[in-house]
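Asker: Provided herewith is a single structure, encoded as structure tokens, for subsequent inquiry.
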Amino acid sequence: MASSRGPPTPWAGAGAGDGRPAWGSRLQYLLSCVGFAVGLGNIWRFPYLCQAYGGGAFLLPYAVALALEGIPLFHMELAIGQRLRRGSVGVWTAISPYLGGVGLGCFSVSVLVSLYYNMVLAWVLWYLLNSFQHPLPWSSCPASHNRTGLLAECVGSGPVSFFWFRRTLNISSDMGASGAVQWPLLGCLAASWGVVYLCVSRGIESTGKAIYFTALFPYLVLTVFLVRGLTLPGAADGLAYLFTPDVRVLGSPRVWLDAATQIFFSLSLALGGHIAYASYNPPRNDCEKDAVTIALVNSLTSLYAAVAVFSVLGFKATTDQENCLDRNIILMVNAFELPDQSIPREDYALVLNHLNVTWPERVAQLPLETCLLRDFLHKGASGTGLAFIAFAEALLHMPGAPGWAVLFFGMLFSLGLTSMFGNMESVITPLLDMGVLPRRVPKEALTGLACLTCFLLASCFTLQSGSYWLELFDRYAASINLLVFALLEVLGVAYVYGLDRFCEDVAWMTGRRPGLYWRLSWRLVSPLLLLLVLGASVLLLVCSPPGYHAWDPQYERFPERRERLYPGWVQAVCVLLSFLPALWVPAVALAQLLRRRTGG
292 MASSRGPPTP WAGAGAGDGR PAWGSRLQYL LSCVGFAVGL GNIWRFPYLC QAYGGGAFLL
352 PYAVALALEG IPLFHMELAI GQRLRRGSVG VWTAISPYLG GVGLGCFSVS VLVSLYYNMV
412 LAWVLWYLLN SFQHPLPWSS CPASHNRTGL LAECVGSGPV SFFWFRRTLN ISSDMGASGA
472 VQWPLLGCLA ASWGVVYLCV SRGIESTGKA IYFTALFPYL VLTVFLVRGL TLPGAADGLA
532 YLFTPDVRVL GSPRVWLDAA TQIFFSLSLA LGGHIAYASY NPPRNDCEKD AVTIALVNSL
592 TSLYAAVAVF SVLGFKATTD QENCLDRNII LMVNAFELPD QSIPREDYAL VLNHLNVTWP
652 ERVAQLPLET CLLRDFLHKG ASGTGLAFIA FAEALLHMPG APGWAVLFFG MLFSLGLTSM
712 FGNMESVITP LLDMGVLPRR VPKEALTGLA CLTCFLLASC FTLQSGSYWL ELFDRYAASI
772 NLLVFALLEV LGVAYVYGLD RFCEDVAWMT GRRPGLYWRL SWRLVSPLLL LLVLGASVLL
832 LVCSPPGYHA WDPQYERFPE RRERLYPGWV QAVCVLLSFL PALWVPAVAL AQLLRRRTGG
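Here is the structure:
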């Protein structure tokens, strides 16, 4: 390849003359990459990790992982995709036929991720549609079947959890009981795939137009929530709890592992989407600048989202504490026959202490709750628990709750949609590069066939046991496989393609040769860090009990979720999901070796 240096060419006339599609503008490309990297995990995973690991203290291992793992790998993927101008399968096959399995593995994981990720979007769409009601349907419990009271399951769990587990999922109490298809969810899933198809049907030509809205709208809504959240009572307590550093957690290996995995998956590394996106760039684009810019925007978005989320959750915790105090005050007023309104909330502790000193036996008999604000703030949630339970409940306490619900779930849908663009590009581009269909078949038909196939496969998630299966896919389908592929990618570039050759390519594209930081990261630091994270992840996977938490109204500790182990055949599925995509690597390498030996 050419290695002559020179300044990158302007973006205008982006094509390389090879007939490959090109982005309409640099902004379209940057927004697409940002949208692919910034997803639901930035909203419901990063804030939870900050809260769980000592607030501000978590930012240190996160920043270290970003500098030593995230940005170098991200730059490498953008550069190799832009230089070789192919999708993931074509890139790694071009570097070495023995590495072709890396591209096929990335393709396989992208399919698996798309299956369950779009089901999450179907859940979000269901909540979005239900948000156009006043009052919100998860604000109260429905009447019992005989109309003599409220449903016992809802009273025991609360209306927000009841709406999620029963009205939305109609979840089974055992993973082995598949149950019936939930037709409203199937309709939402079909609608979600329909939207995805309309936006990606013509590749970057249609994605580039949709991205202006889907990538920017979440930032607008986050800003609105941030401004509103900071004006709510309790917002300062939520932010103080989020960012109060606990430096003791830095001695735990788990916080460093979670920081490394968070930045890895937050940037959507090793899925092939960024390689595909970069392949549509002009050959002389400054990919180094793009990598640093997009990675920093992604991390700052996580921090921005954490502030907005915990300002609202601080308000929720304050409201929960006030309701707890009100319940205790009612108990005390009734037990001691005190006048109504005789115990203001601010004097609750003093009055309780006085009653406890005067009549300790009578106070001890009262079923008083512990109403510490920190306890309510500590009830952090991640994933669907944050979006569909914790945040959904917080919205109920905000004036004009339906409007806020529409904004929140609309934001989540936009965030997930931009990530789906990248996931599907990771699927469609390799299919086109491999020529699985005759060239006369239009790209729209191939995209439609891929979306339809994914929809049919994902329909299993609309069963009553579907959320258990989605949780299983989320836990096992990507984690180990992507770490394996990322390790092979950096080793393939540094030691098979050749680091000096790669640096010359980068110099030709950007006009400057990569510095010591980049070369040291690609040759030594990133591979060692990935190997360490991979080993720790495999160890945790082996040591973790292969089970799930079932929603069982018959459980004696309900509404706590019953812990169940996966049946033997489900554990076999876990093993297949964890390692089967990675088996493409030795399979392709062995096939190439046999082909060379036999002269095929």
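292 is the number of the first residue of the sequence shown in the numbering used here; add one for each residue after it. By construction, the Cβ of each residue, glycine as well, lies at the ideal position given by its N, Cα and C atoms. Please read these numbers as outputs of a predicted model, since none were measured by experiment.
If distances are taken between C-alpha atoms only, which option among L403, Q342 and L659 comes closest to N714?
Answerer: Looking at the Cα atoms, L403 is the closest of the given residues.
Asker: On a Cα-Cα basis, can you pick out the residue from E579, A841 and N772 that is closest to G396?
Answerer: It is N772.
Asker: Going by alpha carbons, who is nearest to L562 out of V829, L321 and L774?
Answerer: Taking only the C-alpha atoms, the option nearest L562 is L774.
Asker: Just tell me which of G394, L340 and L350 has its CA closest to the CA of V718.
Answerer: Ranking the options by Cα distance to V718, first place goes to G394.
Asker: Counting pairs of beta carbons, one from the segment 657-676 and one from the segment 523-536, are three or more of them closer than 8 Å?
Answerer: Segments in contact, yes.
Asker: Taking only three categories from DSSP, how would you classify E579?
Answerer: In the structure shown, E579 sits in a helix (DSSP, three-state: H, G or I).
Asker: Are the beta-carbon atoms of V512 and G701 separated by less than 8 Å?
Answerer: The answer is yes: Cβ separation under 8 Å.
Asker: Quick one: give me the first and last residue of the alpha helix (DSSP H) that L442 is part of.
Answerer: Element bounds for L442: n/a, residue is neither H nor E.
Asker: Would you grab the beta carbon distance between S557 and N409 for me? Rounded to a whole angstrom, and I think it's under 8 Å.
Answerer: Wrong, their Cβ atoms sit about 19 Å apart, outside the cutoff.
Asker: What residue range does the beta strand (DSSP E) around E660 cover?
Answerer: Counting along the chain, E660 falls outside any beta strand (DSSP E), and DSSP gives it neither H nor E.
Asker: Looking at the unbroken alpha helix (DSSP H) that takes in A785, where does it start and where does it end?
Answerer: Note, A785: premise wrong, no alpha helix (DSSP H); not H, not E.
Asker: Between L517, A551 and P312, which has its C-alpha nearest G499's C-alpha?
Answerer: If we check each option's Cα against that of G499, P312 comes out closest.
Asker: Are three or more beta carbon pairs between the segment 787-798 and the segment 839-851 nearer than 8 Å?
Answerer: No, the segment 787-798 is not in contact with the segment 839-851.
Asker: For D581, count neighbouring C-beta atoms within 10 Å of its own C-beta (all shown protein chains included) and say buried if the count is 16 or more, exposed if not.
Answerer: Classification for D581: buried.
Asker: Can you list, in chain order, the stretches of the alpha helix (DSSP H) that have 4 or more residues and sit fully within the segment 693-757?
Answerer: Qualifying alpha helix (DSSP H) stretches, in chain order: 734-749.
Asker: Please state whether DSSP places G394 in a helix, a strand or coil.
Answerer: It is helical.
Asker: Can you give me the C-alpha to C-alpha distance between Y353 and G346, rounded to a whole angstrom?
Answerer: Distance between the alpha carbons of Y353 and G346: 12 Å.
Asker: Report the start-end ranges of each alpha helix (DSSP H) in the segment 521-565 that is 4 residues or longer and not cut off at the edges.
Answerer: The qualifying runs are 526-534 and 544-557.
Asker: Quick one: what does DSSP say A434 is sitting in, helix, strand or coil?
Answerer: Residue state, collapsed to three classes: strand.
Asker: Pick helix, strand or coil for V876, following the three-state DSSP scheme.
Answerer: If DSSP states are grouped into helix, strand and coil, V876 belongs with the helices.
Asker: I need the boundaries of the beta strand (DSSP E) containing G838, first residue and last residue.
Answerer: Run containing G838: G838 to A841, per the beta strand (DSSP E) assignment.
Asker: Check this for me: beta carbons of A749 and L406, under 8 Å apart or not?
Answerer: Contact flag set, yes.
Asker: From what residue to what residue does the alpha helix (DSSP H) around R665 run?
Answerer: Taken as a continuous stretch (DSSP letters only), the alpha helix (DSSP H) holding R665 covers L664 to H669.
Asker: Starting from the C-beta of A692, find all residues in its chain whose C-beta is less than 7 Å away, skip the five residues before and the five after it, and write them out in chain order.
Answerer: Cβ within range, chain order: L427 and L686.
Asker: Could you check the C-alpha separation between V411 and A768 for me, to the nearest Å?
Answerer: C-alpha separation (whole angstroms): 15 Å.
Asker: Does the distance from the C-beta atom of M623 to that of L629 stay below 8 Å?
Answerer: A contact, by the Cβ cut-off of 8 Å.
Asker: Please look up how many angstroms separate the CB atoms of Q845 and S463, rounded, as I've assumed it's under 8 Å.
Answerer: In fact, because the Cβ distance is near 12 Å, the residues do not count as touching under 8 Å.
Asker: Based on DSSP bridge pairs, tell me the residues matched to V861.
Answerer: Answer is none; V861 lacks a bridge partner.
Asker: How would you call N437, buried or exposed, if buried means at least 16 neighbouring beta carbons within 10 angstroms?
Answerer: So N437 counts as exposed.
Asker: I want to know whether the segment 365-380 touches the segment 573-591 - three or more CB-CB distances under 8 Å.
Answerer: The segment 365-380 vs the segment 573-591: in contact.
Asker: For the putative contact between D537 and A348, defined by C-beta atoms under 8 Å, what is the C-beta separation to the nearest angstrom?
Answerer: So it is a contact: roughly 5 Å between Cβ atoms.
Asker: When you compare the segment 501-508 with the segment 587-595, are there three or more beta-carbon pairs, one atom per stretch, that lie closer than 8 Å?
Answerer: No, because fewer than three Cβ pairs between the segment 501-508 and the segment 587-595 fall closer than 8 Å, the two stretches do not touch.
Asker: Looking at G429: is its Cβ nearer than 8 Å to the Cβ of A683?
Answerer: Checking the sequence, you will find Trp at residue 429 rather than Gly. Contact flag set, yes.
Asker: Any idea what DSSP makes of R848, helix, strand or coil?
Answerer: R848 falls in the coil class under three-state DSSP.
Asker: Using CA coordinates, which residue listed in W314, L778 and H425 is at the minimum distance from A501?
Answerer: Among W314, L778 and H425, the Cα nearest to that of A501 is on W314.
Asker: State the Cα-Cα distance for the pair R887 and L723, rounded to the nearest angstrom.
Answerer: Taking the straight line from one Cα to the other gives about 26 Å.
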